[in-house]
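Per this note's numbering, the sequence shown starts with residue 167, numbered consecutively.
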Amino acid sequence: MLAQTIIRILKSKGIRGGILTVNVQLDRPASYSTVKKLNIPADYVMDGRRQVLYFRPFNFFENWARLLWGYYRQDDYDVLDFDPEESGNAHVLCEGSERHVHLVIVGFNRMGRALLLEALRIGHYPNFDEKTGANKTVITVVDPEMDILRPQFESQYPYIKEVDDVEIEYRKARVEDPAIRAMLERSATGGRELLTVAVCLSDPDMSLATGLSLPEALYFRIEDKEITSNGNVRILIRQELQKGIGAILKSDEHKYRHVKVFGMLTEGISRELLDDTASMWVNANFTDKKIIEDADIKKARMLWYRTSEDFRYSNRYQIEMYDIYERYEDCTPKETLYRMEHLRWCSERRVFGYRRSEIKDKKYKTHHLLVPYSELPAKEKNKDMAVIETRRLIESLCKGDCTAENAQSS
Numbered sequence: 167m168l169a170q171t172i173i174r175i176l177k178s179k180g181i182r183g184g185i186l187t188v189n190v191q192l193d194r195p196a197s198y199s200t201v202k203k204l205n206i207p208a209d210y211v212m213d214g215r216r217q218v219l220y221f222r223p224f225n226f227f228e229n230w231a232r233l234l235w236g237y238y239r240q241d242d243y244d245v246l247d248f249d250p251e252e253s254g255n256a257h258v259l260c261e262g263s264e265r266h267v268h269l270v271i272v273g274f275n276r277m278g279r280a281l282l283l284e285a286l287r288i289g290h291y292p293n294f295d296e297k298t299g300a301n302k303t304v305i306t307v308v309d310p311e312m313d314i315l316r317p318q319f320e321s322q323y324p325y326i327k328e329v330d331d332v333e334i335e336y337r338k339a340r341v342e343d344p345a346i347r348a349m350l351e352r353s354a355t356g357g358r359e360l361l362t363v364a365v366c367l368s369d370p371d372m373s374l375a376t377g378l379s380l381p382e383a384l385y386f387r388i389e390d391k392e393i394t395s396n397g398n399v400r401i402l403i404r405q406e407l408q409k410g411i412g413a414i415l416k417s418d419e420h421k422y423r424h425v426k427v428f429g430m431l432t433e434g435i436s437r438e439l440l441d442d443t444a445s446m447w448v449n450a451n452f453t454d455k456k457i458i459e460d461a462d463i464k465k466a467r468m469l470w471y472r473t474s475e476d477f478r479y480s481n482r483y484q485i486e487m488y489d490i491y492e493r494y495e496d497c498t499p500k501e502t503l504y505r506m507e508h509l510r511w512c513s514e515r516r517v518f519g520y521r522r523s524e525i526k527d528k529k530y531k532t533h534h535l536l537v538p539y540s541e542l543p544a545k546e547k548n549k550d551m552a553v554i555e556t557r558r559l560i561e562s563l564c565k566g567d568c569t570a571e572n573a574q575s576s
């Protein structure tokens, strides 16, 4: 067995005791999604009756999506609900705002799919109107092979079209096509959309050329005989190796001011990205509140190891929204934050393959709570409230010890 083989190697080197974290890269999104839904067989992680290994699956492309917009977002990158005026306003999409996020993904490959799924998980904002459906996050995916790629994707994620506050548009086209360029120009100049264009083409040269050849309205605007950069748009260009290009673009304070490169091979894997400490505390809070009240890290860790893989991922994805909750808590009623958390949970469950049913069944992935927040029983709303109310406590438990879980890893 794999665990026994690794243990024999460790024992031969005089290494004993503890649980060893083994980080496993799964390159294909389909395989990665499948592993999330399965429990690792006991003989993969046990040496007799003792657990000796902890497998931590990850995907490079998902990691980069998290670096762009999630819990571990790098400072170089703007959030999807960025401030177009660059005035320091963190409340762009508070209740009453008529703006919405529009993410355009160019290239529906592994990177493009990862960005779409991350946006599905975090694209939930206070100004969404549950009654009318106004101010949804919009994701547009552009690829000339869409007639082949879309059926494959929707068969793997059949229920994401049921996410209430996110709309996905699939366009069989090239970004150079006149209709797509016209759509981009309208989005960049209409005044209601916060437009992010992510060029995900796998060929670095083509990706760069495409990202720098979009309609000029995406880069700058002319008003009152003055030319300024267009603050309504952010452009991301995938570059696997050419970090130097990124430095050149970063120094440009004019036409390419809001253009950034991403996807570099050297930055998609790190101890911080693979750390599960915050997620571990989220799990403890949901399962046994006394553990988190006592800050009992030993019990929290052992509980984490015993948690099924799909629920470990559920805990990981919960923290992806923490930054959004923090930014909007000053301008948003608590009840709206609770509703945002329910929307996030519904989206995450649908990405995992859950569908609405009167019966809750983990094996068959059905759930009776995949309903609008207004239809939830009061006791179920308390779960969303608990997520919001304990966020700061969980973050405080992580402070200064955020890589505790990966101190012994391979």
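For glycine and all other residues, C-beta sits at the position ideal for the given N, C-alpha and C. Remember, predicted model here, so these are calculated numbers, not experimental data.
Residue environment, residue i, which counts as buried when at least 16 other CB atoms sit within 10 Å
i	result
Tyr325	buried
Leu379	As written in the sequence, residue 379 is Ser, which differs from the Leu given in the question. So Ser379 counts as exposed.
Arg407	For the record, residue 407 in the displayed sequence is Leu; it is not Arg. Flag for Leu407 reads exposed.
Ile173	buried
Gly289	buried
His420	exposed
Leu559	exposed
Leu204	exposed
Ala466	buried
His533	buried
Asn449	buried
Val190	exposed
Ser353	buried
Thr200	exposed
Ala345	exposed
Thr171	exposed
Asp193	exposed
Ile490	buried
Asn225	buried
Asp418	exposed
Asp550	buried
Asp441	buried
Lys500	exposed
Gly357	exposed
Gln574	Per-residue confidence for Gln574 stands at a pLDDT of 40, beneath the threshold of 50, marking its modelled position as unreliable; no derived number is given.
Arg215	exposed
Lys526	exposed
Lys464	exposed
Gly254	exposed
Ser178	exposed
Arg279	buried
Nearest-angstrom beta carbon gap, residue j and residue i [assumed within contact, 8 Å]
i	j	result
Leu360	Val517	The pair is not a contact, with the Cβ atoms about 23 Å apart (cut-off 8 Å).
Phe386	Thr394	6 Å
Leu415	Pro381	With a Cβ gap of about 18 Å, Leu415 and Pro381 do not count as contacting.
Leu286	Ser445	19 Å between Cβ atoms; not a contact.
Leu542	Leu535	7 Å
Thr498	Glu261	6 Å
Phe428	Leu234	6 Å
Glu328	Tyr539	About 15 Å separates the two Cβ atoms, so there is no contact after all.
Leu281	Ala231	5 Å
Tyr237	Tyr530	30 Å between Cβ atoms; not a contact.
Ala256	Arg521	Not quite, the Cβ-Cβ distance comes to about 35 Å (not below 8 Å), so this is no contact.
Asp135	Lys391	This structure does not reach residue 135, given that the chain is present from 167 up to 576, and the question cannot be answered.
Ala383	Asn396	7 Å
Closest by C-alpha distance to residue i, when choosing among the options
i	options	result
Thr298	Cys260, Ala231, Asp330 and Ser321	Asp330
Pro334	Ile346, Leu283 and Val365	A small fix is needed here, since residue 334 is Ile in this sequence, not Pro. Ranking Ile346, Leu283 and Val365 by Cα distance to Ile334 puts Leu283 first.
Asn229	Glu486, Gln217, Lys426 and Arg423	Glu486
Thr443	Arg222, Met372, Glu252 and Glu392	Arg222
Pro370	Ile206, Ile411, Ala231 and Arg232	Ile411
Gln240	Arg337, Leu186, Leu269 and Glu438	Glu438
Tyr471	Gly184, Met372 and Ser178	Gly184
Asn451	Arg493, Lys500, Met372 and Glu555	Glu555
Val341	Glu311, Glu328 and Gln322	Glu311
Arg404	Val363, Ser321, Lys529 and Lys338	Val363
Cys564	Asp462, Ala300, Asn301 and Ser523	Asp462
Ser584	Phe477, Trp447, Asp476 and Ser474	The structure shown does not extend to residue 584, since the chain spans only 167 to 576, so no value can be given for it.
Glu475	Thr502, Lys528 and Lys426	Lys528
Ile206	Leu186, Thr473 and Arg557	Thr473
Val332	Cys366, Leu186 and Lys302	Lys302
**Request:** Please determine if the region 244 to 264 and the region 395 to 407 are in contact, where contact requires at least 3 C-beta pairs separated by less than 8 Å.
**Result:** yes
**Prompt:** With contact counted as at least three CB pairs below 8 Å, one residue from each stretch, are the region 428 to 439 and the region 453 to 470 in contact?
**Reply:** no
**Message:** Three or more C-beta pairs under 8 Å: does that hold for the region 500 to 520 against the region 271 to 290?
**Reply:** yes
**Prompt:** Is the region 312 to 319 touching the region 250 to 267, taking contact as three or more C-beta pairs under 8 Å?
**Reply:** In short, these stretches do not touch, since the Cβ pair count stays below three.
**Request:** Specify whether the region 274 to 281 and the region 294 to 310 touch according to this definition: at least 3 beta carbon pairs, one from each stretch, less than 8 Å apart.
**Result:** Counting Cβ pairs under 8 Å, three or more are found: they touch.
**Message:** With three or more beta-carbon pairs closer than 8 Å as the criterion, would you say the region 538 to 552 touches the region 471 to 487?
**Reply:** no
**Prompt:** What residue ranges within the region 369 to 429 form continuous beta strand (DSSP E) runs of no fewer than 3 residues, ordered along the chain?
**Reply:** 386 to 389, 392 to 395, 399 to 404 and 425 to 428
**Request:** Jot down the residue ranges of each uninterrupted alpha helix (DSSP H) in the region 432 to 480, minimum 4 residues, whole runs only, in chain order.
**Result:** At a cut-off of 4 residues, the continuous stretches assigned as alpha helix (DSSP H) that sit fully inside the region 432 to 480 are 437 to 440, 443 to 453, 455 to 459 and 463 to 472.
**Request:** Run through the region 173 to 260 for me and flag every whole beta strand (DSSP E) of 3 or more residues, listed as ranges in chain order.
**Result:** Taken in chain order, the complete beta strand (DSSP E) segments of 3 or more residues contained in the region 173 to 260 are 186 to 191 and 219 to 224.
**Item:** Every unbroken beta strand (DSSP E) within the region 267 to 314, with a cutoff of 3 residues, ordered by chain
**Value:** 303 to 309
**Asked** What alpha helix (DSSP H) runs, 4 residues minimum, are completely inside the region 473 to 551?
**Response** 475 to 484, 488 to 494 and 500 to 517
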